[in-house]
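**Student:** Right, I'll just put the structure down here and ask away after.
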Amino acid sequence: MKRRDFIKTTGAAALFAACPRRCRAADDIEHVIVELSNPAIAYSPGKCEECGDCLAVCKDEMGVWGSFDLTKTKSRPICIHCGQCTAVCKYAAVTARPEQKAVATAIADPDVFVTVSTAPSVRVSLGECFGADPGTNVEGQIVAALRKLGANAVFDTTFGADLTVTEEASELLRRVKEKRVLPQFTSCCPAWVKFAETFYPEFIPNLSTAKSPIGMQGSVIKTWFANKRGLAPKNIFNVALTPCTAKKFEIRRPEMEVDGARATDAVLTVRELAQWLKQAGINPLTLAPEPYDDLMGRGSGAGVIFGNTGGVMEAALRTAHFYATGQNPPAAFLDYAPVRGMGGVRSARVEALNLNVAIVHGTANARKLLAKIKAGEAQYDFIEVMACRGGCIGGGGQPRTAIPPTDAVRQARIKGLYTLDTGAAKRLSHENPQVQTLYKDFFDAPLSEKAHRLLHTTYTDRSPDLG
Ligand code: SF4
């Protein structure tokens, strides 16, 4: 479309006239369009060399760019906040929107209690920013480094992952038993959730209502933990350390609030933390490992593999087996090869549970699978979808050890997580003793009324955004 026609049709003059790179029409666009209101992604025009790599990954891997029409969206770009554009940008022109200052301000306030929870995948990636090989486990050093920065308590989001598994597996079995809507889709990836809400709202009833591990962690910190420690929730500043830029969007969703307030107050990506540590002169690799704080500081091996493609599925199947049969899964379930690997769309028949399952990474791949489901060419009971290639170990906030990211780096991180799972004292989410205490003490049972209120969520049809 010619510039004049484009602007005449869309009234897009304001957006394109404001483009710092002087893009004047859709055909001119050589970089992702990032709105100033985007809570996750920022764009620095002065650094942009218009190589187009950001648009390519948004289109080819994420299935977003090219799947909406700016003339219909009134020039508003669709963004699922995955941050893959930030991972491929050689010039660091597209970056995560930083939140270090907000966290530092909270730490400096003596009346504020700052909690930081570290996501499963960050333990095998943060070391890369300081020269360690991809996949090196630096969990204890991260805990020590966060305490040096001033965090009052450091928790493991693997605890939240175990809680998510427990609720999600229970929900799956109830859907099967009561012949409710299937397949059930995982909901722990906020970029996938926004993708579905925008492009496939007909599948919203299929999304598990279970909050993500970070969502559950925040809910528990602002209720159960606050009560245990005698803290007012408003005096807790809860931070999530993540591989993920989309979590900056997720924590701001009104649906994720607890009693009308944010459950998670800030998200730091791995790169943001590494930058902060370097500025503070702290090299975590030189620190002695420290344990997490009590109450929410333990996770199972199943929770750890939440960080890689296929890991959520494998973790959920382990616990679903226990809930369905009353027995823990056999050894073959503990290294369940059919759901592992790097294939963009993988599937398996789980005879022991009478389930057909599929695993997808890359939302462009999700389009292919959803098309088959809609055409009646594929039938599944449970589907894991992660937006980023490799899952969260390939998240938009991970270290830029290779630009663009390579599968060699992704697979080294995945190997690191599987190694931790294999060596874990507990490999089943429902056997996490701290999760068991939480249910006994507070939630009673999975899917209880209180669990529904605090650990589950709702979704929004965003298809009107497409115009
Ligand atoms: Fe975030 Fe993980 Fe989803 Fe990537 S795959 S958008 S890192 S939750």
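The opening position of the sequence shown corresponds to residue 215 in the working numbering, with each subsequent residue numbered one higher.
Built from N, CA and C at the ideal position, the CB exists for glycine as well.
These numbers come from a predicted model, not from an experiment.
Could you pull out every residue in the same chain whose Cβ sits closer than 6 Å to the Cβ of Thr372, ignoring the five residues on either side in sequence?
**Tutor:** Correct list, in chain order: Pro334, Gly513, Gly517, Val518.
**Student:** Give me whichever residues DSSP pairs with Ala626 in a beta bridge.
**Tutor:** Answer is none; Ala626 lacks a bridge partner.
**Student:** Could you spell out where the beta strand (DSSP E) holding Leu569 opens and where it closes?
**Tutor:** From DSSP, the beta strand (DSSP E) with Leu569 extends over 569-575.
**Student:** Got a sec? Which residues, its chain only, sit under 6 Å from Gln612 by beta carbon, not counting five neighbours each side?
**Tutor:** So the qualifying residues of the chain are Ser339, Pro457, Val484.
**Student:** With C-beta atoms as the reference, is Val395 less than 9 Å away from Pro415?
**Tutor:** The answer is no: Cβ separation not under 9 Å.
**Student:** Between which residues of its own chain and Gln431 is the CB-CB distance below 6 Å, once the five residues before and five after are set aside?
**Tutor:** Ser331, Thr371, Gly374, listed in sequence order.
**Student:** So, with DSSP's three-state summary, where would you put Arg676?
**Tutor:** Reduced to three states, the DSSP call for Arg676 is coil.
**Student:** Identify whether Ile496 lies in helix, strand or coil by the three-state DSSP scheme.
**Tutor:** Ile496: coil per DSSP, three-state reduction.
**Student:** Could you tell me whether any non-hydrogen atom of the ligand SF4 is closer than 8 Å to the CB of Met600?
**Tutor:** Yes, the beta carbon of Met600 sits closer than 8 Å to at least one heavy atom of the ligand SF4.
**Student:** DSSP three-state label for Glu598, please.
**Tutor:** In this structure, Glu598 counts as strand in the three-state DSSP scheme.
**Student:** Of all the options Gln298, Glu249, Tyr632, which has the alpha carbon lying nearest to the alpha carbon of Ala578?
**Tutor:** Considering only alpha carbons, the answer is Gln298.
**Student:** Could you pull out every residue in the same chain whose Cβ sits closer than 8 Å to the Cβ of Gly225, ignoring the five residues on either side in sequence?
**Tutor:** Unreliable positioning characterises Gly225 in this predicted model, as indicated by a pLDDT of 44, which lies under 50. The coordinate reading is nonetheless provided below. Result list for Gly225: Lys288, Ser289, in chain order.
**Student:** Thinking C-alpha only, which one of Met600, Leu509, Leu652, Pro660 is nearest Lys408?
**Tutor:** Per the Cα distances, Met600.
**Student:** According to the neighbour-count rule (16 or more other Cβ atoms, all chains shown, within 10 Å of its Cβ), is Leu487 buried or exposed?
**Tutor:** Its Cβ being crowded by 16 or more others within 10 Å, Leu487 is buried.
**Student:** What is the DSSP secondary structure of Thr378, counted as helix, strand or coil?
**Tutor:** Three-state result, Thr378: helix.
**Student:** Please confirm whether any heavy atom of the ligand SF4 lies closer than 8 Å to the CB of Cys458.
**Tutor:** Indeed, a heavy atom of the ligand SF4 lies less than 8 Å from the Cβ.
**Student:** From the DSSP output, in three-state form, read off Ile465 for me.
**Tutor:** Residue state, collapsed to three classes: coil.
**Student:** Please determine whether the Cβ atom of Ala616 lies at a distance below 8 Å from any heavy atom of the ligand SF4.
**Tutor:** Not so, every heavy atom of the ligand SF4 lies at least 8 Å from the Cβ.
**Student:** For Ser662, verify whether its CB is less than 8 Å away from any heavy atom of the ligand SF4.
**Tutor:** Answer for Ser662: no, Cβ out of range of the ligand SF4.
**Student:** Could you check which residue in Gly277, Asp635, Cys606 has the C-alpha nearest to that of Ala460?
**Tutor:** The shortest Cα separation from Ala460 among Gly277, Asp635, Cys606 belongs to Cys606.
**Student:** Can you give the Cα-Cα distance for Asn351 and Gly474, rounded to whole angstroms?
**Tutor:** Going from the Cα of Asn351 to the Cα of Gly474 covers about 37 Å.
**Student:** Under the rule that 16 or more other beta-carbon atoms within 10 Å means buried, what is Asp283, buried or exposed?
**Tutor:** The residue is exposed, with fewer than 16 neighbouring Cβ atoms inside 10 Å.
**Student:** Pick from Val453, His295, Phe417: whose alpha carbon is nearest that of Leu363?
**Tutor:** Closest by alpha carbon: Val453.
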